[in-house]
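Undergrad: For the sequence shown, my numbering begins at 1206 and goes up steadily by one.
Just so you know, even glycine gets a beta-carbon here, dropped at the ideal spot from N, CA and C.
Since this is a predicted model, take the numbers as computed values, not measurements.
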Amino acid sequence: MKREGSDNNKGDLKKVNLKGRHFLTLLDFTPEEINYLLELALKLKNDKKAKKEQQYMAKKNFALIFEKTSTRTRSAFEVGAYDQGAHVTYIGSTGSQIGVKETFADTARVLGRMYDGIEFRGSKHTDVEVLAKYAGVPVWNGLTDEYHPTQILADFLTIKEHINNDLKGLKLVFYGDTRNNMGNSLMIGSAKMGLHFVGSAPKDLWPKEELIKKCQEIAKSTGAVIEFSEDPIAAAKDADAIYTDVWVSMGEPEEVWAKRIELLGPYQVNKKVMAAAKPGAIFLHCLPAYHNKETKVGKEMGDKFNRNEFEVTDEVFESQQSKVFDEAENRLHTIKAVMVATVGDL
Ligand code: CP
Ligand code: NVA
């Protein structure tokens, strides 16, 4: 059931003030604040489609630092900024002195003098925290090894649009490396917004005990359920959304592929998993996905390990239940909402 956005959320937009805030992990935000970002994203999406988008960030300047590669996140920050009248400087992994000849703290203090907001994608979460500590302007996490919070907003907006506007009680099952950025962040987002989250993976790939406990504590006040299961089919029972991510993340050495395939092979999202979920369940993936051998890495690893697909079968990826491109589009609207809420003149 697809929900059309409403235009009557202008009142809500004034209730929550996130101006000047960093966006590093959803742990820093209340359910009300997360809901506000989702409502703002929906309003910006509807306004853009109706060709009546108002610009709240005219003449702002943003630095976009990408230590790791990106298609969606980079494009969403760039197009989101341009739609809103702002300008961006893209700084790739070799395009600046950061971390090489200059500390993160020094670069932060320099960029903070020139820019109104800074996006950072890289490995160490402590790096984005240092940027936030010293920049003096909002810093947005575009992905670290630990968290990918902008992705979760897009995922939840997609679930709201396709399943139910009220996220509370919906069952979301994540298959794969649950201790990585996506598993951690989906668990945190679910805890905050009252979802029933199940991480399905071998125990070695579950999130850190400390983070699970923190999320279970949050869940007590939101009605969320946070669980883990080593049985991929039992995990899917009554699921509204089935989610997976690459088995080997950016920055991990090639040597981990063999072990990861052995561990996660039984957790591939295929038609058996989808059949075990609710009939109307949707399939989500943050992308990029190895669903065939038509990429450089997909072919290399496919040939090496004698597989045509990895975390998801091509059949599921291309099915009607797959909403991955709606989800990818929602990166734009949700990232734009984060920028507008923290830097814009609303
Ligand atoms: N999902 C996601 O973050 O995609 P990119 O790596 O292309 O930005
Ligand atoms: N876990 C993946 C997410 C990509 C959006 C990675 O870090 O490569």
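Under three-state DSSP, which class holds Y1295?
TA: Your numbering for residue 1295 matches position 90 in the sequence shown. Strand, per DSSP.
Undergrad: Report the three-state DSSP secondary structure of A1268 (helix, strand or coil).
TA: For the purposes of this step, residue 1268 is taken as the residue at position 63 of the sequence shown. Reduced to three states, the DSSP call for A1268 is strand.
Undergrad: So, at 8 angstroms on beta carbons, what are the nonlocal neighbours of K1273 in its own chain, with the 5 sequence-adjacent residues on each side left out?
TA: Position 68 of the sequence shown, counted from the start, is the residue given in the question as residue 1273. Taken in chain order, the residues that qualify are S1298, R1326, G1327, S1328, L1348, M1455 and G1456.
Undergrad: Roughly how many whole angstroms lie between the Cα atoms of T1427 and N1511?
TA: Taking the first residue of the sequence shown as position 1, residue 1427 is located at position 222. Taking the first residue of the sequence shown as position 1, residue 1511 is located at position 306. Roughly 44 angstroms separates the two Cα atoms.
Undergrad: Under the DSSP definition of a beta bridge, which residues are partnered with E1324?
TA: For the purposes of this step, residue 1324 is identified with residue 119 of the sequence shown, where counting begins at 1. The partner list for E1324 (beta bridge, DSSP) reads L1269 and W1345.
Undergrad: How far does the alpha helix (DSSP H) with F1282 in it extend, from its first residue to its last?
TA: As a working mapping, residue 1282 is identified with position 77 in the sequence shown. Taken as a continuous stretch (DSSP letters only), the alpha helix (DSSP H) holding F1282 covers R1277 to D1288.
Undergrad: Report whether the distance from the Cβ of R1277 to the nearest heavy atom of the ligand CP is below 6 angstroms.
TA: Counting from 1 along the sequence shown, the entry for residue 1277 is found at position 72. R1277 has its Cβ nearer than 6 angstroms to a heavy atom of the ligand CP.
Undergrad: Determine, using beta carbons only, whether A1424 and I1431 come nearer to each other than 7 angstroms.
TA: Counting from one through the sequence shown, the residue named residue 1424 turns up at place 219. Counting from one through the sequence shown, the residue named residue 1431 turns up at place 226. Cβ distance < 7 angstroms, so A1424 and I1431 count as in contact.
Undergrad: The ligand NVA and N1535: does the residue's C-beta get closer than 6 angstroms to at least one heavy atom of that ligand?
TA: On the sequence shown, residue 1535 is found 330 positions in, with the first residue counted as 1. Not under cutoff, so the answer is no.
Undergrad: Near D1212, which residues of its chain fall below 6 angstroms by C-beta distance, leaving aside the five closest residues on each side in sequence?
TA: Sequence index remark: in the sequence shown, residue 1212 carries index 7 (1-based). Low confidence applies to D1212: its pLDDT is 43, below 50, so where it sits in the model is not reliable, and the reading given next is rough at best. Excluding positions up to five away in sequence, the list is empty.
Undergrad: Helix, strand or coil: which one does DSSP assign to Y1448?
TA: Against the sequence shown, residue 1448 aligns to sequence position 243. The answer is strand: DSSP assigns Y1448 an E or B state.
Undergrad: From A1441, R1465 and G1470, pick the residue whose C-alpha is nearest to that of M1479; which is it?
TA: Numbered from its first residue, the sequence shown carries residue 1479 at position 274. Residue A1441 is the option with its Cα nearest to M1479.
Undergrad: Out of curiosity, what's the CA-to-CA distance linking R1384 and K1306?
TA: To locate residue 1384, count along the sequence shown from 1; it is residue 179. To locate residue 1306, count along the sequence shown from 1; it is residue 101. Each residue's Cα considered, the two are about 32 angstroms apart.
Undergrad: Below 8 angstroms, how does it come out for the segment 1530-1545 and the segment 1244-1254: are there three or more Cβ pairs, yes or no?
TA: yes
Undergrad: Let me know if G1399 comes out buried or exposed under the rule of 16 or more other beta-carbons within 10 Å of its beta-carbon.
TA: As a position in the sequence shown, residue 1399 is number 194, starting the count at 1. So G1399 counts as buried.
Undergrad: So the alpha helix (DSSP H) H1538 belongs to, where does it begin and stop?
TA: Reading the sequence shown from its first residue, position 333 is the one you call residue 1538. In the DSSP assignment, H1538 falls within the unbroken alpha helix (DSSP H) covering V1529 to V1548.
Undergrad: If you count every other CB in all the chains shown that lies within 10 Å of the CB of N1389, and 16 or more means buried, which is it?
TA: Here residue 1389 is taken as the residue at index 184 of the sequence shown, counted from 1. That one is buried.
Undergrad: Which term fits F1530, buried or exposed, when burial requires 16 or more other beta carbons within 10 angstroms of its beta carbon?
TA: Looking up residue 1530 in the sequence shown gives position 325. The residue is exposed, with fewer than 16 neighbouring Cβ atoms inside 10 Å.
Undergrad: Please tell me whether, using a cut-off of 6 angstroms, the distance from the CB of L1358 to the nearest non-hydrogen atom of the ligand CP is below it.
TA: Indexing the sequence shown from 1 puts residue 1358 at position 153. Not so, every heavy atom of the ligand CP lies at least 6 angstroms from the Cβ.
Undergrad: I'd like to know if the segment 1494-1506 and the segment 1283-1300 are in contact, where contact means that at least 3 CB-CB pairs between them fall below 8 angstroms.
TA: no
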